[in-house]
Amino acid sequence: MIAPFALRLALREGRAARRQIGLYAGAISLGVAALVAISAFRADVTDAIHAESRTLMGADVELRSSTEFAGKASALLDSLQRTGVPVSRVTSFTSMALATASGTSRLVDVRAVEGGFPFYGRIETAPAGRWTHLRDGHHALVDPALLVYLGAEIGDTLRLGDAVFIVDAELRRVPGEIGIQAAVGPRVYIAADYVEETNLLQFGSRARYHALLKLPDAAAAEQFVTAHKSLLDGERVRATTAASREEDFREWFAAFTRFLALLGLTALLLGGIATGSAVHVFVRRKLDTVAVLRCLGGTQRTVFAAYLLQAALMGLVGAMVGVVLGLVVQRSLPSVLADFLPLAVQPSLRFEPIAAGLGIGLWVALAFGLLPLLTIRNVAPLRALRRSVEEPRRQRDLARFAAYAAVLGTIVALSVTQAPVPAAGLAFAAGITLTTAVLWMAARGLVAATRRLFPASAPYVVRQGIANLFRPQNQTVSVVLTVGFGVFLLGTLHVVQRNLLDQFAFETSEARPNLVVFDIQPDQVHDVRDRLAAAGAGETSAVPIVPARIAGIGGVPVDELVTDTSGLRRSRWALRREYRNTYRDTLVTSERLIEGAWWTDARPDTLPARISIDQDLAEELHVELGDRITWDVQGVHVETVIASVRQVDWARFETNFFVVFEPTVLERAPQTLVTLAHIADPRQRAEVQRDLVVRHANLSLIDISLVQQVLERLLGSVALAIRFMAVFSIACGAVVLLGAAATSRFQRLRESVLLRTLGARTSQVVRVLAVEYAMLGSLASVLGVVLASIAGWVLVRFFFELRFTLPSVPLLGLAAGTALVTTAIGIFASRDLVRRAPLAVLRDLAD
Amino acid sequence: MSGGRRLTVLRDVSFAVPERDLVAIVGPSGSGKTTLLGLLAGLDRPARGSVTLDGQALGPMSEDDRARLRAEKIGFVFQTFQLISTLTALENVLVPIELQAAPTWTPAAAVAHARDLLDRVGLADRWHHYPAQLSGGEQQRVALARAFANRPKILFADEPTGNLDAETGHAVIDLLVALNREAQTTLVLVTHDPELAGRAHRVIGLAGGRIVSDSAATA
């Protein structure tokens, strides 16, 4: 009857050690909570999307084109309408919106609506019900963020191009669209009837044309798209059904939540390490009990099973707490992530994530606890009779090997199942194993070096404190590892963030442009330049932009290249996209010639014209020096030959181009211009923006300070997630630290009493403790900060390809702070060692 | 093994203990008393020589077989009591019964038996207390109850009074001897305590790992 005894003992022992179990189990809970919350939330969102897949698009089929529907596409739409199919058109384009009352302006995303869109779902407004009145007059429905930015209110007038609209209501929710969009391009809905008046749809403006269809059902939608595929392809019209939109969104969302799940997994694995350390401490305290049980006739298996069950119990409690916590988080996620969700999500109780959370939590606790638990098998029963028994060491122990395999297998299996794709999971598992291994070895090395190199001439208090780090059953390496990991994450995050923002600050410093004006028509260039100069921008130059598409490569038409799957796999995206090319006779500072020669001579109207191409694009298109590309420049074919390949530093805030033509060929082509200006004074910058918008309604302007705000917001939300992980790993470190302090409590009590009996003052005892924990914290800090600097350097230099600077003061601050917190926790955990009178302790020890 | 060198702790130690005998092993610190006890109880294996318990040779048995033998036939009393701190007095007494491979007790009978034993050692109303809530003497009395719980054929006691004051020790000795008489158990105890040794039928003296005196031989 092995199992009943093991179970009984586990339950009885567990009852007495409730508080410790709670502490250790907590290490597992957070990771489980994250996984449960994320997977339940993912199911909630998927269900919501599936239930309302038509709402996601507001129609059954959407046709999309970057030019106005013409030719066969237009004929198709007309015939549909004649047969009674409801068709709605939405034209969207960017424009400056000027609040006439406050005089501020902002680049917005205008959507001009015609027909019954949305066919499914409702666009909610505040005040409510204003969507149906959009076409009653010059009404505009706008994102709330836009009103805040413009300092405008409902009822104010808003100028778009040459037309003036009245802000009729704020948008609350547009089905199928995510709120974060408002930060990038705030939306303004108007009725299509008034687009003409704005005069905004001129040459060069980036408009997208949508036609939305209402069909009987999903099958009809699918059938429509299949039946007209070749017609639509020929007209460069993309068709999407509600079902495929749902599918796209589901895939995107799955990838997004799986990224979050990897963060949760990191938390879980850190929790695993903390649990392993806790079990180690637990086993150390139980060795005597194990020996007694063996004396009383317990077999190795029975006793081992009893403690394995206790570890399982601990894991189960931790997992249960985690599941409950996860369900609470699940309920809060829809509102926290509202900005990223296209529709309202109703959280519901699901069995699967709960079961998975319990199972995973239990398993992780066992897998990480197994290694320390194996010690139990080797406890000699003789230990119950005398303290100093050397336990036999097993050589080539299969069980130990299996325990290592279990930990590794757990990491790999969890990573692969949680990651967006298996390869990413493997990479993540390899990454986390490698990081832990490096941290572990570094922690061991550092601890060993401290022991060897510490000066013997140091004062007694210091030597005693250091010596305490190496007391039997110490958890020094575990604490250094977990706390060090937290410092490492925080440090790396800070180094990378600092370097990115520094780079941005450099790009926005004194001489750098902070205002971009684009869509300038050639006849507006002089006036724009004058106004910018008057506002303090000095001399500015306008760079021409000529939109073009690839018509063919090496004489083969692009349509054939796209469908050709036998030869070179040229990127479909690169073949089909619309390019914005320029022409000039010099290289700019952000680019470097790596192949061929730059043109120095002027050759008016010689064909083929010479072009210089970006290195990465050349790879995507599989073209090289001397290859010919035919361009379709607004309907006119232009033969070109690749004369050089450039490497472009896209990170630099300059007007950069994939393709640069030699001058003269494109000079007479239809074009717009873009100019960068630096205007230091924010007031002047705002004023010149307003003047330009009033004067030239078609211009688009971007104030870089706005971009900076968006960037900071995005960086901020990523950083928040990583910072959470870092704080969590430090919390795990604290659990290990408290556990370690608890194990050595008995020994410490003796030492403290001994010291005080020998005449040490309380303050000296405290100082010994302080030295020990400060040293522990410092080792962790040094480890974390040094590795963070290395990791940060690698990321900044090779991933972001930026100049690297080491923010040494904040890193030192982080290190000092960690050491301080560690010391405080350590002293707090040992507070009663110094508070109690020696005699009371002696009496306790005697019992 | 110690420090990598084989140390001979016991040499030419040979004696037999008849059933129901009460033997005390005495000797100065380091004379090998505890080592001998460990060998007798099958906690350790001798490098040479053999130990036979109730007709079974311990030498060839596996570690687990010896554990099963202990569960069936052996009881233990330790110098430092060695109660399991996370279990109540009653649960501590139940452990040897519950560890038996083939249970001869129903759970209810086991509990009744354990409470009966606690009653015998005078702790009937303290059964739900944890070791930390009991005094040293009380803890050793619980340990006595535990030692007799599996109705062992032989009981080994390692300095049972070593951690107790004289008066408490005296009471524990009385109880041990009385229980032993009732249960008709063979008792082998290691002790420094002359009073305890005096209650034995036979006293074996150890020094330097050899038997230097044996009251059975001289009597």
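Quick mapping for you: the protein sequence lines, in order, are chains A and B.
Residue numbers for the first sequence follow the numbering used here, beginning at 1 and rising by one.
Residue numbers for the second sequence follow the numbering used here, beginning at 848 and rising by one.
Virtual Cβ for every residue (Gly too), placed ideally from N, Cα, C.
Candidates the options, of which the one nearest residue i by Cα
{"i": "residue 667 of chain A", "options": "A/140, A/756, A/544, A/776", "result": "A/544"}
{"i": "residue 849 of chain A", "options": "A/801, A/42, A/514, A/274", "result": "Any answer about residue 849 of chain A is impossible in this case: the structure gives chain A only from 1 up to 847."}
{"i": "residue 414 of chain A", "options": "A/268, A/376, A/227, A/800", "result": "A/268"}
{"i": "residue 581 of chain A", "options": "A/562, A/632, A/625", "result": "A/632"}
{"i": "residue 751 of chain A", "options": "A/197, A/629, A/467", "result": "A/467"}
{"i": "residue 349 of chain A", "options": "A/40, A/536, A/153", "result": "A/40"}
{"i": "residue 1040 of chain B", "options": "B/1006, B/1062, B/964, B/1018", "result": "B/1006"}
{"i": "residue 553 of chain A", "options": "A/329, A/620, A/279, A/457", "result": "A/620"}
{"i": "residue 437 of chain A", "options": "A/490, A/477, A/402, A/451", "result": "A/477"}
{"i": "residue 577 of chain A", "options": "A/559, A/566, A/583, A/81", "result": "A/559"}
{"i": "residue 1026 of chain B", "options": "B/990, B/1014, B/1038, B/1059", "result": "B/990"}
{"i": "residue 246 of chain A", "options": "A/342, A/125, A/796", "result": "A/342"}
{"i": "residue 426 of chain A", "options": "A/262, A/371, A/480, A/137", "result": "A/262"}
{"i": "residue 102 of chain A", "options": "A/121, A/157, A/66, A/56", "result": "A/157"}
{"i": "residue 907 of chain A", "options": "A/108, A/233, A/96", "result": "Because chain A here runs from 1 to 847, residue 907 of chain A falls outside it and cannot be looked at."}
{"i": "residue 977 of chain B", "options": "B/1011, B/865, B/929, B/1042", "result": "B/929"}
{"i": "residue 934 of chain B", "options": "B/911, B/980, B/899", "result": "B/980"}
{"i": "residue 557 of chain A", "options": "A/575, A/571, A/626", "result": "A/575"}
{"i": "residue 450 of chain A", "options": "A/702, A/99, A/463", "result": "A/463"}
Integer-rounded CB distance, given that residue j should sit under 8 Å from residue i
{"i": "residue 1054 of chain B", "j": "residue 943 of chain B", "result": "At roughly 33 Å, the Cβ-Cβ gap does not stay under 8 Å, so residue 1054 of chain B and residue 943 of chain B are not in contact."}
{"i": "residue 86 of chain A", "j": "residue 142 of chain A", "result": "Not confirmed; about 26 Å, so no contact."}
{"i": "residue 367 of chain A", "j": "residue 431 of chain A", "result": "Rounded, the Cβ-Cβ distance is 19 Å, inconsistent with contact."}
{"i": "residue 817 of chain A", "j": "residue 491 of chain A", "result": "No, residue 817 of chain A and residue 491 of chain A are not in contact; Cβ-Cβ is about 11 Å, not under 8 Å."}
Contact set for residue i: own chain, Cβ-Cβ below 7 Å, skip 5 residues either direction
{"i": "residue 264 of chain A", "result": "31, 34, 35, 38"}
{"i": "residue 9 of chain A", "result": "306"}
{"i": "residue 381 of chain A", "result": "291, 294, 295"}
{"i": "residue 153 of chain A", "result": "147"}
Interface flag, residue i vs chain C, CB-CB below 8 Å
{"i": "residue 397 of chain A", "result": "The question asks about chain C, but that chain is absent: this structure's protein chains are A and B."}
8 Å Cβ shell around residue i - same chain, five flanking residues per side excluded
{"i": "residue 810 of chain A", "result": "494, 498"}
{"i": "residue 542 of chain A", "result": "520, 525, 528, 529, 673, 674, 675"}
{"i": "residue 2 of chain A", "result": "In this predicted model, residue 2 of chain A has a pLDDT of only 47, less than 50, meaning its place in the structure is not dependable; the value taken from the coordinates is given anyway. Here the set comprises 299, 301, 302, 305."}
{"i": "residue 1061 of chain B", "result": "862, 1049, 1050, 1051, 1052"}
{"i": "residue 397 of chain A", "result": "374"}
{"i": "residue 849 of chain B", "result": "Because the pLDDT of residue 849 of chain B is 30, which lies under 50, any placement of that residue in the model is unreliable, and the number read from its coordinates should be weighed accordingly. So the list is empty, once near-sequence residues are dropped."}
Nonlocal neighbours in the same chain, by C-beta distance under 6 Å from residue i, ignoring five residues either side
{"i": "residue 399 of chain A", "result": "374"}
{"i": "residue 585 of chain A", "result": "663"}
{"i": "residue 769 of chain A", "result": "827, 830"}
{"i": "residue 412 of chain A", "result": "429"}
Residue i CB to nearest heavy atom of the ligand ZN below 7 Å
{"i": "residue 524 of chain A", "result": "Among the components of this structure there are no ligands whatsoever, and the ligand ZN is therefore not found."}
Can you list, in chain order, the residues of the region 952 to 969 of chain B whose Cβ is nearer than 7 Å to any Cβ on chain A?
none
What residues from the region 865 to 890 of chain B come within 8 Å of chain A, judged by C-beta to C-beta, listed N to C?
881, 884, 885, 888, 890
Taking only beta carbons into account, state which residues of the region 1029 to 1053 of chain B come closer than 8 Å to chain A, listed in chain order.
For the region 1029 to 1053 of chain B, there are no residues whose beta carbon sits under 8 Å from a beta carbon of chain A.
For the region 918 to 928 of chain B against the region 291 to 298 of chain A, are there 3 or more C-beta pairs whose distance is under 8 Å?
yes
Pull out every residue of the region 921 to 944 of chain B whose Cβ sits closer than 9 Å to any Cβ of chain A, in chain order.
Answer in chain order: 921, 922, 923, 925, 926, 927, 929, 930, 931, 932, 933, 934, 935, 938, 941, 942, 943.
Between the region 496 to 503 of chain A and the region 795 to 803 of chain A, can you find at least three pairs of beta-carbon atoms closer than 8 Å?
yes
Do the region 186 to 195 of chain A and the region 141 to 157 of chain A make contact, defined as three or more Cβ pairs closer than 8 Å?
yes
Beta carbons nearer than 9 Å to chain A: which residues of the region 893 to 911 of chain B have them?
The region 893 to 911 of chain B vs chain A, Cβ under 9 Å: 910, 911.
Inspect the CB distances between the region 59 to 77 of chain A and the region 355 to 367 of chain A and report whether three or more fall short of 8 Å.
No, because fewer than three Cβ pairs between the region 59 to 77 of chain A and the region 355 to 367 of chain A fall closer than 8 Å, the two stretches do not touch.
Using a Cβ distance threshold of 8 Å, determine whether the region 856 to 872 of chain B contacts the region 1047 to 1062 of chain B, with at least three qualifying pairs required.
yes
Would you say the region 654 to 664 of chain A touches the region 590 to 607 of chain A, given that touching needs at least three Cβ pairs under 8 Å?
yes
Between the region 983 to 1002 of chain B and the region 1030 to 1037 of chain B, do at least 3 Cβ pairs fall closer than 8 Å?
Counting C-beta pairs closer than 8 Å gives three or more between the region 983 to 1002 of chain B and the region 1030 to 1037 of chain B, which meets the contact rule.
Could you tell me whether the region 193 to 202 of chain A touches the region 70 to 83 of chain A, using the rule of 3 or more Cβ pairs below 8 Å?
no
State whether the region 876 to 885 of chain B contacts the region 855 to 867 of chain B, with contact taken as three or more CB pairs (one from each stretch) at a distance under 8 Å.
With a cut-off of 8 Å on Cβ pairs, the region 876 to 885 of chain B is in contact with the region 855 to 867 of chain B, counting three or more such pairs.
Any chance the region 594 to 613 of chain A sits against the region 637 to 644 of chain A, with 3 or more Cβ pairs inside 8 Å?
Output reads yes: the region 637 to 644 of chain A touches the region 594 to 613 of chain A.
Cβ-based contacts, 8 Å cut-off: residues of the region 465 to 493 of chain A near chain B:
Interface annotation for the region 465 to 493 of chain A against chain B: empty, criterion Cβ-Cβ distance under 8 Å.
Interface residues of the region 994 to 1006 of chain B facing chain A [CB-CB below 8 Å]:
Hits within the stretch, in order: 997, 1005.
If contact means a Cβ-Cβ distance below 8 Å, which residues of the region 278 to 290 of chain A contact chain B?
288, 289
Using a Cβ-Cβ cut-off of less than 7 Å, list which residues of the region 1008 to 1027 of chain B approach chain A; keep chain order.
Hits within the stretch: zero.
Taking a cut of 8 Å between CB atoms, which residues from the region 433 to 457 of chain A lie near chain B?
none
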